[in-house]
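Have a look at the structure below, then the notes.
Numbering (UniProt numbering), first residue to last: 1 to 332.
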């Protein structure tokens, strides 16, 4: 029995970037010096020994031409490294899709492709870790909301009922003071319920996204005094539970920032399909100027990554803030 080895079946390993760069520089310098030697050999110019003063300008011009050609070729050859360095400095895993395109860089193509693949892997790992962290956060929010509603809320309700019986039996000179205590407990109970609703939007699970956004806008308007104009498309496409939760949380964070930091007199919330893409917009007429992204905006970007959406925040000074979330596939 004979064995035959087929040629060309074993893939060649790509050259290392250091070897590739060395080869490129060696070839460029070799071509420049070979061209210079050829010109000297074929030209009628001669050099005396010792060198005459009149021959010095000729030598300097020749040296300048060689160095200039070498610098031009090296600059064009190493230009992708400048672009790669700039990408390294501005890259942010919360802003996906920033890649260096391969425009025929020859031997540096492997380096560019490797760097782009590394960004793909890092973004995938960041998205997966964010998904686990946000899922744990939502679970903890639900637990706290349940405890607030079931334990603290019920305890305050029992206190209110007990105070009512005490007020009915108390002397007239104590009833006004006890009524004040009743109102304080009732306000505390309402606040606990509001906190529980913000932590766990039960209306989102029970009545859907449209009703949840309407209730959210009303709550923000009542608590902050900033009127919120809402426009939610009625015939929205069927959305998954994750998409609805991300939309609600980003709208909640945006409106909360308006109430706390914007110093606005009005805000707008809209959710509609634009050019086949589901788009959420939250804007205000406040002071704007959000130059540094805090934990709230970065949290919104992490949530947007979970559903493959694109989040942009535009906040020019004195012109308010505009938050825009776009889901490319329409949320389906």
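Every residue, glycine too, gets a C-beta built ideally from N, C-alpha and C.
Please specify which runs of the alpha helix (DSSP H), each continuous and at least 4 residues long, are wholly inside the stretch 230-284, giving them in chain order. Within the stretch 230-284, the complete alpha helix (DSSP H) runs of at least 4 residues are 241-257.
Nearest by alpha-carbon distance to residue 257: which of 61, 123, 114, 300 is it? For the purposes of this step, residue 257 is taken as the residue at position 257 of the chain shown. Just measuring C-alpha positions, the residue of 61, 123, 114, 300 sitting nearest residue 257 is 300.
Quick check: residue 255 and residue 297, are their CB atoms within less than 7 Å of each other? The count along the chain shown starts at 1 and reaches residue 255 at position 255. The count along the chain shown starts at 1 and reaches residue 297 at position 297. Between residue 255 and residue 297, the C-beta spacing is not below 7 Å.
Would you kindly work out how many angstroms separate the C-alpha atoms of residue 33 and residue 85, rounded to a whole number? Here residue 33 is taken as the residue at index 33 of the chain shown, counted from 1. Here residue 85 is taken as the residue at index 85 of the chain shown, counted from 1. The alpha-carbon atoms of residue 33 and residue 85 are separated by roughly 30 Å.
At least three beta-carbon pairs within less than 8 Å, the stretch 215-235 to the stretch 266-273: Yes, the stretch 215-235 touches the stretch 266-273.
Looking at the secondary structure, which residues open and close the alpha helix (DSSP H) in which residue 167 lies? Translated into the one-based positions of the chain shown, residue 167 becomes position 167. Run containing residue 167: 153-169, per the alpha helix (DSSP H) assignment.
Tell me, which residues are paired with residue 312 by DSSP? Counting from one through the chain shown, the residue named residue 312 turns up at place 312. According to DSSP, residue 312 bridges with 324.
Whether residue 246 touches residue 303 by CB criterion (7 Å): Position 246 of the chain shown, counted from the first residue, corresponds to residue 246. Position 303 of the chain shown, counted from the first residue, corresponds to residue 303. The Cβ atoms of residue 246 and residue 303 sit closer than 7 Å to each other.
According to DSSP, which residues form a beta bridge with residue 228? Position 228 of the chain shown, counting from 1, holds the residue named residue 228. In the DSSP output, where bridge partners are listed per residue, residue 228 has 267.
Which two residues bound the contiguous alpha helix (DSSP H) that contains residue 135? Along the chain shown, one-based indexing puts residue 135 at 135. Segment 109-147, the alpha helix (DSSP H) holding residue 135.
I need the straight-line Cα distance from residue 8 to residue 293, nearest angstrom please. Within the chain shown, residue 8 is the residue found at index 8, counting from 1. Within the chain shown, residue 293 is the residue found at index 293, counting from 1. Residue confidence for residue 8 is low, a pLDDT of 46 falling below 50, so the modelled location carries little weight; the figure read from the coordinates is stated next. It is roughly 54 Å from the alpha-carbon of residue 8 to the alpha-carbon of residue 293.
Going by the beta-carbon positions, is the gap between residue 196 and residue 145 smaller than 7 Å? To locate residue 196, count along the chain shown from 1; it is residue 196. To locate residue 145, count along the chain shown from 1; it is residue 145. Yes, they are a contact pair.
Given that a residue counts as buried once 16 or more other Cβ atoms are within 10 Å of its Cβ, and exposed if not, what is residue 317? Numbered from 1 along the chain shown, position 317 holds the residue referred to as residue 317. Under this definition residue 317 is an exposed residue.
Whole-angstrom Cβ separation of residue 160 and residue 198, contact assumed at under 8 Å? Translated into positions along the chain shown, residue 160 becomes position 160. Translated into positions along the chain shown, residue 198 becomes position 198. The beta carbons of residue 160 and residue 198 sit about 22 Å from each other, so the pair does not count as a contact at 8 Å.
Exposed or buried, residue 227, counting other C-beta atoms within 10 Å across all chains shown (16 or more means buried)? Looking up residue 227 in the chain shown gives position 227. Residue 227 is classed as exposed because its beta carbon has fewer than 16 other beta carbons within 10 Å across all chains shown.
Less than 8 Å between the CB atoms is what I'm expecting for residue 325 and residue 279, so what's the real figure, rounded? For the purposes of this step, residue 325 is taken as the residue at position 325 of the chain shown. For the purposes of this step, residue 279 is taken as the residue at position 279 of the chain shown. Yes, residue 325 and residue 279 are in contact; Cβ-Cβ is about 7 Å, under 8 Å.
What's the gap between the Cα of residue 281 and the Cα of residue 68? Residue mapping note: residue 281 aligns to position 281 of the chain shown, counting from 1. Residue mapping note: residue 68 aligns to position 68 of the chain shown, counting from 1. Each residue's alpha carbon lies about 54 Å from the other.
Please determine, among 206, 120, 224, 210, the residue with the shortest C-alpha to C-alpha distance to residue 235. Taking the first residue of the chain shown as position 1, residue 235 is located at position 235. Taking only the C-alpha atoms, the option nearest residue 235 is 210.
Using a Cβ-Cβ cut-off of 8 Å (strictly less than) and excluding sequence neighbours within five positions of residue 163, which residues of its own chain qualify? Here residue 163 refers to the residue found at position 163 of the chain shown. Around residue 163: 178, 181, 182, 185.
If I measure Cβ to Cβ from residue 314 and keep anything under 6 Å in the same chain, skipping five residues before and after, which residues do I get? Start at 1 with the first residue of the chain shown, and residue 314 comes out as number 314. The beta carbon of residue 314 is closer than 6 Å to those of 322 in its chain, skipping five residues each way along the sequence.
Apart from the five residues just before and just after residue 91, which ones in its own chain have a Cβ nearer than 8 Å to its Cβ? The residue you call residue 91 lines up with position 91 of the chain shown. Answer for residue 91: 98, 119, listed in chain order.
Determine the burial state of residue 249: buried for a count of at least 16 other Cβ atoms within 10 Å of its Cβ, exposed for fewer. Indexing the chain shown from 1 puts residue 249 at position 249. Here residue 249 is buried. Its C-beta has 16 or more other C-beta atoms within 10 Å.
With a CB to CB cut of under 6 Å and the five nearest residues on each side skipped, what residues in its chain are close to residue 73? By 1-based counting over the chain shown, the position of residue 73 is 73. 28.
Determine the direct distance from the alpha carbon of residue 194 to that of residue 111, and round the result to whole angstroms. Counting from 1 along the chain shown, the entry for residue 111 is found at position 111. Counting from 1 along the chain shown, the entry for residue 194 is found at position 194. Across the structure, residue 111 and residue 194 are spaced so that their CA atoms are roughly 54 Å apart.
Between which residues of its own chain and residue 71 is the CB-CB distance below 6 Å, once the five residues before and five after are set aside? Numbered from 1 along the chain shown, position 71 holds the residue referred to as residue 71. Annotation for residue 71: no residue places its beta carbon closer than 6 Å to its own, counting only its chain and skipping 5 residues before and after.
Would you report the Cα separation of residue 252 and residue 166, rounded to the nearest angstrom? By one-based count along the chain shown, residue 252 stands at place 252. By one-based count along the chain shown, residue 166 stands at place 166. Each residue's alpha carbon lies about 40 Å from the other.
Pick from 189, 153, 239 that is closest to residue 204, judged by C-alpha positions: The count along the chain shown starts at 1 and reaches residue 204 at position 204. Nearest C-alpha to residue 204: 239.
Assigned exposure category for residue 50 - 16 Cβ within 10 Å defines buried: Taking the chain shown and counting its residues from 1, one reaches residue 50 at position 50. If you draw a 10 Å sphere on the C-beta of residue 50, you find fewer than 16 other C-beta atoms in it, and that means exposed.
Could you give the first and the last residue of the continuous alpha helix (DSSP H) run that contains residue 297? As a first step, residue 297 is located in the chain shown; it is residue number 297 there, counting from the start. Where residue 297 is concerned, the enclosing alpha helix (DSSP H) stretches over 295-306.
Quick check on this structure: which residue in 277, 225, 241, 237 has the alpha carbon closest to the alpha carbon of residue 263? The count along the chain shown starts at 1 and reaches residue 263 at position 263. Restricting attention to 277, 225, 241, 237, the CA atom closest to the CA of residue 263 is found in 225.
So with Cβ pairs under 7 Å, would you call residue 132 a contact of chain C? In the structure shown, chain C cannot be found, because there is only a single protein chain.
Evaluate residue 231 with the Cβ neighbour count: other Cβ atoms within 10 Å of its Cβ, from every protein chain shown; 16 or more gives buried, anything less gives exposed. If you number the chain shown from 1, residue 231 lands on position 231. Under this definition residue 231 is an exposed residue.
When the distance is taken between beta carbons, is residue 133 closer than 7 Å to residue 306? Working through the chain shown from its first residue, we reach residue 306 at position 306. Working through the chain shown from its first residue, we reach residue 133 at position 133. Taking 7 Å as the Cβ cut-off, residue 306 and residue 133 do not qualify as a contacting pair.
Does the distance from the C-beta atom of residue 141 to that of residue 75 stay below 7 Å? Sequence index remark: in the chain shown, residue 141 carries index 141 (1-based). Sequence index remark: in the chain shown, residue 75 carries index 75 (1-based). No; because the gap between Cβ atoms is not below 7 Å, this pair is not in contact.
Using the rule of at least 16 other Cβ atoms within 10 Å of the residue's Cβ for burial, across every protein chain shown, is residue 171 buried or exposed? Translated into the one-based positions of the chain shown, residue 171 becomes position 171. Looking at its Cβ environment, which holds fewer than 16 other Cβ atoms inside 10 Å, residue 171 is exposed.
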